[in-house]
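A.B. asks:
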Amino acid sequence: MNIDNTASQMRKGVLEFCILSVIKQGEAYPSDIIDKMKAANLNIFEGTLYPLLTRLKNAEFLTYRWVESNSGPPRKYFSLTDKGRDFYKELEATWFELANAVKALTEAEHEQSNNNFNNS
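First residue of the sequence shown? That's 1 in our numbering, and the numbers climb one at a time after it.
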């Protein structure tokens with residue numbers, strides 16, 4: 001098994017949640033989403049982001065509006081729909097449930113490891 005593949009699969013599993021989290025903070029242009037993700041140490045490329053945005057828009061979780069640009073073509077700014085906000089809440093609840101379960105398991109393993117060390 002390759003740790004890079006496993007880590008990549010873990011990141012892919014939370015990308016939609018992270019993208020929706022960024023857009024939930026306010027209307028977002030794709031390059032802003034990429035910048036915020038990079039700042040959080042979650043690198044995402046345009047080739048990954050745009051299909052996800054399209055899928056989320058087609059599921060009616062996102063809407064967008066065009067804004068004229070002073071330099072270059074018009075820009076597409078994304079925002080959450082009501083359906084998207086509801087979906088985000090469900091993802092958030094699932095994320096916290098999963099994160100808490102993983103934390104409980106890893107802390108229990110860590111505590112067991114410390115107990116074994118201290119009893120030696």
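Beta carbons are placed, not taken as given, at the ideal position from N, Cα and C, and that holds for glycine.
For residue 80, list the residues DSSP reports as bridge partners.
C.D. replies: On the sequence shown, residue 80 is found 80 positions in, with the first residue counted as 1. 62, per the DSSP bridge assignment.
A.B. asks: Is the beta carbon of residue 49 less than 9 Å from the beta carbon of residue 34?
C.D. replies: Your numbering for residue 49 matches position 49 in the sequence shown. Your numbering for residue 34 matches position 34 in the sequence shown. It is a contact, given that the beta carbons lie within the stated cut-off.
A.B. asks: Which of the three DSSP states, helix, strand or coil, is assigned to residue 104?
C.D. replies: Position 104 of the sequence shown, counted from the first residue, corresponds to residue 104. Here residue 104 sits in helix by DSSP.
A.B. asks: Is residue 99 helix, strand or coil when you go by DSSP?
C.D. replies: Counted from its first residue, the sequence shown places residue 99 at position 99. Residue 99 falls in the helix class under three-state DSSP.
A.B. asks: Looking at the unbroken alpha helix (DSSP H) that takes in residue 17, where does it start and where does it end?
C.D. replies: For this step, residue 17 is matched to residue 17 along the sequence shown. Unbroken alpha helix (DSSP H) run through residue 17: 3–24.
A.B. asks: Is the beta carbon of residue 88 less than 9 Å from the beta carbon of residue 29?
C.D. replies: In the sequence shown, residue 88 corresponds to position 88, counting from 1. In the sequence shown, residue 29 corresponds to position 29, counting from 1. Between residue 88 and residue 29, the CB-CB gap reaches or exceeds 9 Å.
A.B. asks: Between residue 91 and residue 56, is the Cβ-Cβ spacing less than 9 Å?
C.D. replies: Here residue 91 refers to the residue found at position 91 of the sequence shown. Here residue 56 refers to the residue found at position 56 of the sequence shown. Contact flag unset, no.
A.B. asks: Quick check on this structure: which residue in 80, 51 and 4 has the alpha carbon closest to the alpha carbon of residue 25?
C.D. replies: As a position in the sequence shown, residue 25 is number 25, starting the count at 1. Out of 80, 51 and 4, 80 has the C-alpha closest to the C-alpha of residue 25.
A.B. asks: Would you give the residue range spanned by the alpha helix (DSSP H) that residue 30 belongs to?
C.D. replies: By one-based count along the sequence shown, residue 30 stands at place 30. 30–39 is the span of the alpha helix (DSSP H), which, as asked, contains residue 30.
A.B. asks: Please say whether residue 84 and residue 23 have beta carbons closer to each other than 9 Å?
C.D. replies: Residue numbering aside, residue 23 sits at position 23 when the sequence shown is read from its first letter. Residue numbering aside, residue 84 sits at position 84 when the sequence shown is read from its first letter. Against a cut-off of 9 Å, the Cβ pair of residue 84 and residue 23 comes out as a contact.
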